[in-house]
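Remarks on the structure that follows.
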Amino acid sequence: YAGSQKSSVHTQDCETPNQCQNSSFNFGTSKIVLTTKCCTTDLCNSGSFTGEKSTSLNDTQNGRKCFSCSATDCNSTVNCVGNEDRCIKAIVDSGGLKKMMKGCVTKNSCLGDFLTNMGYADVRCCKGNLCNGASAFTSTPLHILFNLKKILFFCN
Numbered sequence: 001y002a003g004s005q006k007s008s009v010h011t012q013d014c015e016t017p018n019q020c021q022n023s024s025f026n027f028g029t030s031k032i033v034l035t036t037k038c039c040t041t042d043l044c045n046s047g048s049f050t051g052e053k054s055t056s057l058n059d060t061q062n063g064r065k066c067f068s069c070s071a072t073d074c075n076s077t078v079n080c081v082g083n084e085d086r087c088i089k090a091i092v093d094s095g096g097l098k099k100m101m102k103g104c105v106t107k108n109s110c111l112g113d114f115l116t117n118m119g120y121a122d123v124r125c126c127k128g129n130l131c132n133g134a135s136a137f138t139s140t141p142l143h144i145l146f147n148l149k150k151i152l153f154f155c156n
């Protein structure tokens, strides 16, 4: 979602095992929930995918708080929900313009090359309240949401 706007995107693709996982990215004014269904045989993804409610969709605050960005200000904070147990600070290259993204994510989103394969560069995750720092250079979270390269399922 972005504010009150909710949208779903369904894609079928071949992915590496580390990208076959449910994840949540909460940037305060926008949120991405990736719900995946994976299989291991040829053409096994030919059917439709209805998505399953997962813990990533839990909107209960969990006590963690991270910095988030709006416009050029990264002094805002967001309350993490569900299994979002890490803070993130990442730079996204969007059409040649580098943008800062900050917020809450699930632990599995920070592992390996998961975010790098989605178009993020210089990804830093940390565990602890407000550990992702307040400074930034520019940010437009909604614009970046639609530039992610590997969205498997986008919903709230």
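Residue numbers are given in UniProt numbering: position 151 of the sequence shown equals residue 151, and the series is strictly consecutive. Cβ coordinates follow ideal geometry from the N, Cα and C atoms, glycine included.
What first and last residue would you give for the beta strand (DSSP E) that runs through residue i?
i	result
Asn75	73 to 81
Asp93	86 to 94
Lys107	Counting along the chain, Lys107 falls outside any beta strand (DSSP E), and DSSP gives it neither H nor E.
Asn58	Per DSSP, Asn58 belongs to no beta strand (DSSP E) and is neither H nor E.
Nearest CA to the CA of residue i: which residue from the options?
i	options	result
Ile91	Lys37, Gly128, Asp122	Asp122
Gly28	Cys125, Asn129, Gly133, Met101	Met101
Asn75	Lys89, Asp93, Asn62, Gly63	Lys89
Gly128	Ser46, Asp93, Ser94, Glu84	Glu84
Thr11	Ile32, Thr36, Phe25, Pro17	Thr36
Thr106	Leu97, Ser94, Val81, Lys98	Val81
Gln19	Cys38, Cys69, Cys126	Cys38
Asn58	Phe25, Cys131, Leu111, Cys125	Phe25
Gly133	Gly96, Ser94, Asn62, Ser68	Ser68
Pick helix, strand or coil for residue i, following the three-state DSSP scheme.
i	result
Asn26	strand
Ser48	coil
Gln21	coil
Gln12	coil
Cys131	coil
Cys39	coil
Ile151	Note on Ile151: pLDDT 38, under 50, position unreliable in the model; the coordinate value appears next. Correct three-state label for Ile151: coil.
Any idea if residue i is buried or exposed, counting beta-carbon neighbours within 10 angstroms, 16 or more meaning buried?
i	result
Leu34	buried
Cys87	buried
Gly103	buried
Ser109	buried
Lys98	exposed
Gln21	buried
Cys14	exposed
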